[in-house]
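> Below is the structure I would like to discuss, written out as structure tokens.
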Amino acid sequence: MKRVAIYPGSFDPVTNGHLDIVKRGLKIFDKIVVAILYNPGKDYLFTIEERMDMLEKSMKKFSNVELDTSDGLLVNYAAQKEACSILRGMRAVSDFEYEFQMALMNRRLNREVQTVFLMTGLRWIFTSSSIIKEAARFGGDVSGMVPPLVNLKLKEKYGIKDK
Ligand code: PNS
Numbered sequence: 004m005k006r007v008a009i010y011p012g013s014f015d016p017v018t019n020g021h022l023d024i025v026k027r028g029l030k031i032f033d034k035i036v037v038a039i040l041y042n043p044g045k046d047y048l049f050t051i052e053e054r055m056d057m058l059e060k061s062m063k064k065f066s067n068v069e070l071d072t073s074d075g076l077l078v079n080y081a082a083q084k085e086a087c088s089i090l091r092g093m094r095a096v097s098d099f100e101y102e103f104q105m106a107l108m109n110r111r112l113n114r115e116v117q118t119v120f121l122m123t124g125l126r127w128i129f130t131s132s133s134i135i136k137e138a139a140r141f142g143g144d145v146s147g148m149v150p151p152l153v154n155l156k157l158k159e160k161y162g163i164k165d166k
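Position in the sequence shown (from 1) plus 3 gives the number in our numbering.
Next up, the structure:
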């Protein structure tokens, strides 16, 4: 039996931290479905199409990774994909409460799907899409934190010209 995990998120945009989690996850799971789901608490910078395009280009190097989107409930999507796990990255302690709450709600909604947390590499422990967007918006250099294509897209979005 193949062990499939769903790696859900907003991916607005995908960062090197996300790629690190996929790389680690592939050591445990036979296949990872990276899925853009809707987080009602967020205003997105990039459209679903833009986020998917960046994911496709950044994840090309991985085999056994499928990319998808869903606008429904995560646990229903996981069941539909016959996934045994929901994979999430855990960075600093600040992630814990939100992740814990979401994992418990997901478990209540479907006891068959286990949430698995992986720690990101230390290099990415304080990076997040949100903080990267804030830095990029004001012209900060985020090139070491996102794939090169994402760096370009952020500059395009915020109208930042290279000096
Ligand atoms: O990258 P994010 O924004 O932290 O990811 C959160 C996401 C999209 C995984 C979460 O909001 C989600 O699962 N959305 C789909 C609806 C759902 O099932 N919510 C969780 C149960 S309350």
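Note that beta-carbon positions come from the ideal geometry of N, C-alpha and C, so glycine has one too.
Does I163 come out as helix, strand or coil in the three-state DSSP assignment?
By 1-based counting over the sequence shown, the position of residue 163 is 160. DSSP places I163 in coil when its eight states are reduced to three.
> Assuming the contact rule is C-beta atoms closer than 8 Å, R54 and I35 should be a hit. Round their C-beta distance to whole Å, please.
Locating residue 54 in the sequence shown gives position 51, where the first residue counts as 1. Locating residue 35 in the sequence shown gives position 32, where the first residue counts as 1. Between I35 and R54 the Cβ distance is about 17 Å, and since that is not below 8 Å, they are no contact.
> If you measure between the beta carbons of L90 and Y10, is that distance less than 7 Å?
Indexing the sequence shown from 1 puts residue 90 at position 87. Indexing the sequence shown from 1 puts residue 10 at position 7. It is a contact, given that the beta carbons lie within the stated cut-off.
> Suppose you measure from the CA of D23 to the CA of D74; what does that come to, to the nearest Å?
Numbered from 1 along the sequence shown, position 20 holds the residue referred to as residue 23. Numbered from 1 along the sequence shown, position 71 holds the residue referred to as residue 74. Roughly 25 Å between the two C-alpha positions.
> Can the beta-carbon of L58 be found closer than 7 Å to that of D15?
Reading the sequence shown from its first residue, position 55 is the one you call residue 58. Reading the sequence shown from its first residue, position 12 is the one you call residue 15. It is not a contact, given that the beta carbons lie outside the stated cut-off.
> Taking Cβ to Cβ, would you say V78 is nearer than 7 Å to V116?
Position 75 of the sequence shown, counted from the start, is the residue given in the question as residue 78. Position 113 of the sequence shown, counted from the start, is the residue given in the question as residue 116. A contact, by the Cβ cut-off of 7 Å.
> Could you give the C-beta distance for D33 and K5, rounded to a whole number, given that I count them as a contact under 8 Å?
Along the sequence shown, one-based indexing puts residue 33 at 30. Along the sequence shown, one-based indexing puts residue 5 at 2. Indeed, because the Cβ distance is near 4 Å, the residues count as touching under 8 Å.
> Could you check the C-alpha separation between H21 and R111 for me, to the nearest Å?
Within the sequence shown, the letter at position 18 stands for residue 21. Within the sequence shown, the letter at position 108 stands for residue 111. Rounded to the nearest angstrom, the two C-alpha atoms are 26 Å apart.
> Using a strict less-than 5 Å threshold between each residue's beta carbon and the heavy atoms of the ligand PNS, what residues do you get?
Result (chain order): P11, G12, S13, L40, N42, L76, L77, M108.
> I'd like to check one pair, T18 with T123: are the Cβ atoms closer than 7 Å?
On the sequence shown, position 120 is the one that residue 123 refers to. On the sequence shown, position 15 is the one that residue 18 refers to. Their beta carbons are not under 7 Å apart, which means T123 does not touch T18 by this criterion.
> From what residue to what residue does the alpha helix (DSSP H) around I135 run?
Here residue 135 refers to the residue found at position 132 of the sequence shown. Start and end: 132-140.
> Hey, is R111's beta-carbon within less than 7 Å of any beta-carbon in chain D?
Although the question refers to chain D, the structure presented lacks it and comprises just one protein chain.
> Figure out for me which residue from F141, E102, M108 has the closest Cα to the Cα of G12.
As a first step, residue 12 must be located in the sequence shown, where it is residue number 9. Nearest of F141, E102, M108 to G12, Cα basis: E102.
> Just to confirm before moving on: does the CB-CB distance between Y168 and A138 stay below 7 Å?
The requested residue 168 does not occur in the structure, where the chain is confined to residues 4 to 166.
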